[in-house]
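To start, the structure itself, in structure tokens.
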Amino acid sequence: LVSYFLVKFYLNWEALSGALNTIFSNRIGDFFLIYFFCSEYKFMFSLMDMMSILFLFMSCLTKSSQFPFFGWLVKAMVAPTPVSSLVHSSTLVVSGCFLMYIYFENYNFSFMMFLFLISLLGMLISLMLILFEIDVKKMVAYSTMSQVSLIFLFFSYGWFFWSLLYLINHALFKSLLFLLVGT
Numbered sequence: 031l032v033s034y035f036l037v038k039f040y041l042n043w044e045a046l047s048g049a050l051n052t053i054f055s056n057r058i059g060d061f062f063l064i065y066f067f068c069s070e071y072k073f074m075f076s077l078m079d080m081m082s083i084l085f086l087f088m089s090c091l092t093k094s095s096q097f098p099f100f101g102w103l104v105k106a107m108v109a110p111t112p113v114s115s116l117v118h119s120s121t122l123v124v125s126g127c128f129l130m131y132i133y134f135e136n137y138n139f140s141f142m143m144f145l146f147l148i149s150l151l152g153m154l155i156s157l158m159l160i161l162f163e164i165d166v167k168k169m170v171a172y173s174t175m176s177q178v179s180l181i182f183l184f185f186s187y188g189w190f191f192w193s194l195l196y197l198i199n200h201a202l203f204k205s206l207l208f209l210l211v212g213t
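Residues 31 to 213 (our numbering) make up the sequence shown, in order.
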């Protein structure tokens, strides 16, 4: 809810559209996360079923603005620059990555292969979209999607420490990059 008010700060049509897109996309991720937690309680003393892991994965993709759900991040760029810096470096985008770290012991080889393909596809799509963009702030948003896809790619290889280290590094340089770009 806070992200909605931060994105619609300028109170024009583009800001309202971006804020609504952001809040609805993140509510989809919240639905996936709530379903995962409900099914995790059900399967607490056994291995989690594939459906609950799929819902966790969809929540991570939605929160991190990855391949099927990457529209909200670019539309959230109508927010003021400090808000964009906060969203990209430490709050909304990073939450999906931390969900992956918390529950990584539940993933099997087929899940990691699927994560590899989705992250590779997301990286390629965001890099192709950056070529046709002229707004610098949106270019930085597409680069954020590409960098988070790279973090998921590291994660799919099993490089958990390196992906966490790169996530921290990404938070530092992306927040400074947004402040340098300005409005």
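Ideal placement from N, C-alpha and C gives every residue a C-beta, glycine not left out.
Taking the C-beta atoms as reference points, Cys90 is found nearer than 8 Å to Gly126. The three-state secondary structure of Thr92, taken from DSSP, is helix. In the DSSP annotation of this structure, Ala106 is not part of any alpha helix (DSSP H), being labelled neither H nor E. Around the Cβ of Trp43, a 10 Å sphere holds fewer than 16 other Cβ atoms; the residue is exposed. Restricted to the segment 112-139, the alpha helix (DSSP H) segments that are unbroken, complete and at least 4 residues in length are 122-132, listed in chain order. Take Val124, set aside five residues on each side of it, and the residues of its chain with a beta-carbon closer than 7 Å to its own are Leu197, Ala201, in chain order. Classified as exposed, Met158 has fewer than 16 neighbouring CB atoms from the shown chains inside 10 Å of its CB. Glu163 sits in coil when the DSSP states are folded into three classes, being neither helix nor strand. Within its own chain, the residues whose Cβ lies closer than 8 Å to the Cβ of Tyr137, once the five positions on either side in sequence are excluded, are Ile83, Leu145, listed in chain order.
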